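Down below is the structure, laid out as structure tokens.
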Amino acid sequence: MATKIPSVIEKIVLNNATYCNEVISPTFINFFFGNNGTGKSTIAKNIRANDGITWLSGKIDRDYTVLVYDQEFITANIQSYGKMPGVFTISEVNIEIQNQIQAKSEEKEKIDERYGELNTEKGKKENEQTTLLTTFQDSCWNKTRKLREGFEATQAGKKRKQSFAETVLAIKNPRHHDLKSLKKLYETAFDPGARVYNSFDAAHDTAVLDDLPGHDILGQAIISSNDTPFANFIKALNATDWVRQGHEQFSDGAEGKCPYCQQMLPEDFEDQIAACFDQRYQQNIQRLREYYETYKQEANRLFSTLQKTPEDVYPKINTTLLKDKLSLLYKTIEMNLNKIKGKIAEPAMTVTLDKTKDLLDEINTIISEFNKDIAENNAVVNAKQQKQAECRTKVWELIAHTLKDEVSSYNTSNRNLVEEIADLAIEINKSHKSSMALHNEMANLSRQVVNTKATVDSINTLLRDSGFQGFSIREKAKLQSVYEVVRPDGTIADNLSEGERNFIAFLYFYHLVKGSESADGGLKNKVVVIDDPVSSMDSNSLFIVSALTREMIEICHNNVDYENGPGQPDFIKQIFILTHNAYFHREITYNQVSKYLCVSFFLINKADNISTIRLCERRNDDIPTEMENYNPVQNSYAALWDEYRELTTTIPLLNVVRRILEYYFLQLCGYDGTDIRQRILKDNKDKFVVTDAEGKDDYTQYHVAAAMLSYISAAATGINDGMNYVDGCMEAEECRRTFEMIFELMNQGQHYKMMMGN
Numbered sequence: 001m002a003t004k005i006p007s008v009i010e011k012i013v014l015n016n017a018t019y020c021n022e023v024i025s026p027t028f029i030n031f032f033f034g035n036n037g038t039g040k041s042t043i044a045k046n047i048r049a050n051d052g053i054t055w056l057s058g059k060i061d062r063d064y065t066v067l068v069y070d071q072e073f074i075t076a077n078i079q080s081y082g083k084m085p086g087v088f089t090i091s092e093v094n095i096e097i098q099n100q101i102q103a104k105s106e107e108k109e110k111i112d113e114r115y116g117e118l119n120t121e122k123g124k125k126e127n128e129q130t131t132l133l134t135t136f137q138d139s140c141w142n143k144t145r146k147l148r149e150g151f152e153a154t155q156a157g158k159k160r161k162q163s164f165a166e167t168v169l170a171i172k173n174p175r176h177h178d179l180k181s182l183k184k185l186y187e188t189a190f191d192p193g194a195r196v197y198n199s200f201d202a203a204h205d206t207a208v209l210d211d212l213p214g215h216d217i218l219g220q221a222i223i224s225s226n227d228t229p230f231a232n233f234i235k236a237l238n239a240t241d242w243v244r245q246g247h248e249q250f251s252d253g254a255e256g257k258c259p260y261c262q263q264m265l266p267e268d269f270e271d272q273i274a275a276c277f278d279q280r281y282q283q284n285i286q287r288l289r290e291y292y293e294t295y296k297q298e299a300n301r302l303f304s305t306l307q308k309t310p311e312d313v314y315p316k317i318n319t320t321l322l323k324d325k326l327s328l329l330y331k332t333i334e335m336n337l338n339k340i341k342g343k344i345a346e347p348a349m350t351v352t353l354d355k356t357k358d359l360l361d362e363i364n365t366i367i368s369e370f371n372k373d374i375a376e377n378n379a380v381v382n383a384k385q386q387k388q389a390e391c392r393t394k395v396w397e398l399i400a401h402t403l404k405d406e407v408s409s410y411n412t413s414n415r416n417l418v419e420e421i422a423d424l425a426i427e428i429n430k431s432h433k434s435s436m437a438l439h440n441e442m443a444n445l446s447r448q449v450v451n452t453k454a455t456v457d458s459i460n461t462l463l464r465d466s467g468f469q470g471f472s473i474r475e476k477a478k479l480q481s482v483y484e485v486v487r488p489d490g491t492i493a494d495n496l497s498e499g500e501r502n503f504i505a506f507l508y509f510y511h512l513v514k515g516s517e518s519a520d521g522g523l524k525n526k527v528v529v530i531d532d533p534v535s536s537m538d539s540n541s542l543f544i545v546s547a548l549t550r551e552m553i554e555i556c557h558n559n560v561d562y563e564n565g566p567g568q569p570d571f572i573k574q575i576f577i578l579t580h581n582a583y584f585h586r587e588i589t590y591n592q593v594s595k596y597l598c599v600s601f602f603l604i605n606k607a608d609n610i611s612t613i614r615l616c617e618r619r620n621d622d623i624p625t626e627m628e629n630y631n632p633v634q635n636s637y638a639a640l641w642d643e644y645r646e647l648t649t650t651i652p653l654l655n656v657v658r659r660i661l662e663y664y665f666l667q668l669c670g671y672d673g674t675d676i677r678q679r680i681l682k683d684n685k686d687k688f689v690v691t692d693a694e695g696k697d698d699y700t701q702y703h704v705a706a707a708m709l710s711y712i713s714a715a716a717t718g719i720n721d722g723m724n725y726v727d728g729c730m731e732a733e734e735c736r737r738t739f740e741m742i743f744e745l746m747n748q749g750q751h752y753k754m755m756m757g758n
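As numbered in my numbering, residues 1 to 758 make up the sequence shown, in order.
Next up, the structure:
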């Protein structure tokens, strides 16, 4: 399906006045129709201000001269009824210089095209660079989520992807850090409640119980060596320890009786008992008792140290294992004491104590780890600011180390793009300098061909041909580029109607479009905006404005299709025409509907103070897969015939005749102006020439026919296409007879009669 061809302004977004995010996608030629107050002028103002405008890729507003005809233009340019800036035109151009300008213009156009391509390529590379950075930022952000969340306090000011990635790229020495140690540092350094804690006391000598002096007595069997009958009797019974224990336990309360059988004991019983145990035996028993007491004292001293925990234990250590080990130590010592007590009870028995050194070494190791953690905590608390800074540095070094592959890949790709963009920037700068050099050369050449008088003469010609016989324009003496509106009697006009003022402004605008206000302005292609140009104008002015507008439309159309032949001007790159006048709209659009690719029609409506713009296109009935334009303004052809029947003066009548011929034969019948003039003025010339009685040819009717047909071609180059016939010499009835003859010679006499009501 065919789509409309975009021109230099690709899109307009309207968000001011009565518009709310209204989007227009214009083509080369754009017609807007809407009633007064619907928002037409807002479109013109936005284009002038470059507000909401999207230009063709590689182009900007400064590449074009944007000319807007609206009330603002009239006010700015038509002051004191004729004070206008000088207009530079190319109407009298030295051919050799103009050829030089054309050659340089073509060269500049190629350079500008290359400039646009380079800018487009640079834009693509910059977009790639942006995409590369965005991808890198996303990758960094996603891969480090756990680290960022785990060390949140170190991320202040870096909680957006952009700033986070910038910080990663700025890390010069990425390195790995133990995550567990780093977490411990972080939790203390950034804990507002962190404080100093006391350490635990460890055992000074873990072998103190195992190496206690006198422990060798435990491995000796302590027995008596006396040889009395009673001692031998006890030994024979192997009851030495039993007797000793019984005597120690019951001697104080026996009252001279045996504690077992209650018989009276011999009077020398105590002496016999004492004789059973010799002095060495007694010494060993004493040593054993002393060892027991010493062991118990050292054990108590040891436990006093180990069980003395700080009042406020560091909350990040777990004392369960320490308590378990201390409990085991307590049981071991208690067991050893019981063994010693058993030895005391049975001296002849040998015992071996359980070692405590290994267990105490384990306890000391646990306490050492506790104290290490506490010392680290206290060191961080005592230097909190420095430790926070250290923690931040290590966290970011770890993050950068985690992302080292991503950073390396990004830096390589980005470096390549930076080099490519720099190379393109150099080429762009060269192209710009070359373009500006050509621009200056063309400006210097243009200064040699600028001609103000030709513009004044051309405007006066247009005024005369349009039927404005009440004034002309002349340059004010001794004031360059200042003009006066002069009445036929030579007086300066001091009172112009609004329609006359608007008409002069449009003629001036027309010459600006074809020329320039400045010496170098003509070197730029143009975007033309025409906003309600026929306000307060009579039908004569409207006809001329319509014809000049059609000429500008054709110049713009030459950018798409040189249907008027090669080499035609195409300096108007885009045109926007906005109106509420149905007659004017039909005058300029009658042959434009079929040009779907490069012409668009828009209808502007306003409801509830909100303006909307509708593109007037529909599906083509003949080719359902294609779209076609339709004109939102209905045909005003019948109204022209009504006006024709009522007019009695020649000039208005001639203008209506021209419009009827143009509409009927060009739009409805499909002829073009050249075909009609060929058929009427050449093939049927004899029908309009009358020979009088003296044999002289009368060309009056022929000239009338020529005047009628002179302006119906949209490609005409002037008001009467080079004819110098004076319209005012015609009679109204003569015009009517000639008009009817044209229809008859074109085999359309029946249509003429129908429209005349015959």
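Glycine included, each C-beta is placed from N, C-alpha and C at the ideal position. All values derive from a computational prediction rather than experimental measurement.
**OP:** Note the first and the last residue of the continuous alpha helix (DSSP H) segment covering residue 752.
**Re:** 749-756
Original post:
Among 438, 310 and 513, which one has its Cα closest to the Cα of residue 528?
Top reply: 513
Original post:
What residue does the beta strand (DSSP E) around residue 614 start on, and which one ends it?
Top reply: 610-615
**OP:** With DSSP as the reference, please indicate the residues paired to residue 575 in a beta bridge.
**Re:** 29 and 528
Subject >> Straight-line gap, residue 398 to residue 184 (C-alpha atoms, nearest Å) >> reply: 15 angstroms
Original post:
In this structure, does DSSP put residue 150 in helix, strand or coil?
Top reply: helix
Subject >> Residues bridged to residue 629 (per DSSP) >> reply: 617
Original post:
Which whole-angstrom value is the C-beta distance of residue 52 and residue 13, which I expect to be below 8 angstroms?
Top reply: 4 angstroms
Subject >> Assigned secondary structure, residue 303 (DSSP; H/G/I helix, E/B strand, else coil) >> reply: helix
Original post:
Beta-carbon separation of residue 676 and residue 705 under 7 angstroms?
Top reply: no
Original post:
Would residue 40 pass as a contact of residue 578 if the rule is Cβ separation under 7 angstroms?
Top reply: yes
**OP:** Under 8 angstroms by Cβ, that's how I've got residue 136 and residue 165 pegged, so tell me the actual separation to the nearest angstrom.
**Re:** 6 angstroms
**OP:** For residue 57, collect the residues of the same chain with a Cβ closer than 6 angstroms to its Cβ; drop the 5 residues on either side in sequence, then sort them by chain order.
**Re:** 120
Original post:
Out of curiosity, what's the CA-to-CA distance linking residue 295 and residue 198?
Top reply: 30 angstroms
Subject >> Per-residue burial, residue 382 [other beta carbons within 10 Å of its own, 16 or more giving buried] >> reply: exposed
Subject >> Beta-carbon proximity check, residue 545 vs residue 534, cutoff 7 angstroms >> reply: yes
Original post:
Any Cβ of chain D within less than 7 angstroms of the Cβ of residue 132?
Top reply: Absence of chain D from the displayed structure is noted, only one protein chain being present.
Original post:
Can you give the Cα-Cα distance for residue 123 and residue 132, rounded to whole angstroms?
Top reply: 14 angstroms
Original post:
By Cβ distance below 7 angstroms, which residues in the same chain neighbour residue 589 in space, the five residues on each side in sequence not counted?
Top reply: 31 and 631
Subject >> Stretch-stretch touch, CB-based, cutoff 8 angstroms, three pairs: the segment 417-430 with the segment 191-205 >> reply: no
Original post:
Sorted by chain position, which residues of the same chain lie with C-beta nearer than 8 angstroms to residue 640's C-beta, five sequence neighbours on each side aside?
Top reply: 656, 659, 660 and 663
**OP:** Give the DSSP bridge partners of residue 710, in chain order.
**Re:** According to DSSP, which records beta bridges pairwise, residue 710 is partnered with nothing at all.
Original post:
Starting from residue 508 and walking both ways along the beta strand (DSSP E), at which residues does that stretch end?
Top reply: Residue 508 -> not in any beta strand (DSSP E); alpha helix (DSSP H) instead, spanning 498-514.
**OP:** Measure from the alpha carbon of residue 537 to the alpha carbon of each residue in 551, 515, 526 and 506, then state which is nearest.
**Re:** 506
Subject >> Buried or exposed (CB count within 10 angstroms, at least 16 for buried), residue 574 >> reply: buried
Original post:
What are the start and end residues of each continuous alpha helix (DSSP H) run of 4 or more residues lying completely inside the segment 168-231, in chain order?
Top reply: 179-189
Subject >> Close Cβ partners of residue 189 (< 7 angstroms) along its chain, the five nearest in sequence each way excluded >> reply: 380, 384, 387, 388 and 391
Subject >> CB-CB length for residue 287 against residue 217, believed under 8 angstroms >> reply: 5 angstroms
Original post:
Distance, Cα to Cα, residue 171 vs residue 407?
Top reply: 10 angstroms
Original post:
Quick one: what's got a C-beta closer than 6 angstroms to residue 716's C-beta in the same chain, skipping five residues either side?
Top reply: Model confidence at residue 716 stands at a pLDDT of 40, short of 50, so the residue's coordinates are unreliable; what they give is reported in the following sentence. The answer is none, since no qualifying residue turns up.
**OP:** Note down the Cα distance separating residue 628 from residue 596, rounded to an integer number of angstroms.
**Re:** 6 angstroms
Original post:
Using DSSP with H/G/I as helix, E/B as strand and the rest coil, what is residue 607?
Top reply: strand
Original post:
Can you check whether the CB of residue 740 is closer than 7 angstroms to the CB of residue 752?
Top reply: yes
Original post:
Does the distance from the C-beta atom of residue 293 to that of residue 209 stay below 7 angstroms?
Top reply: no
**OP:** Taking 7 angstroms as the cut-off, decide whether the C-beta atoms of residue 322 and residue 336 are in contact.
**Re:** no
**OP:** Measure the alpha-carbon distance for residue 60 versus residue 445 and round it to whole angstroms.
**Re:** 25 angstroms
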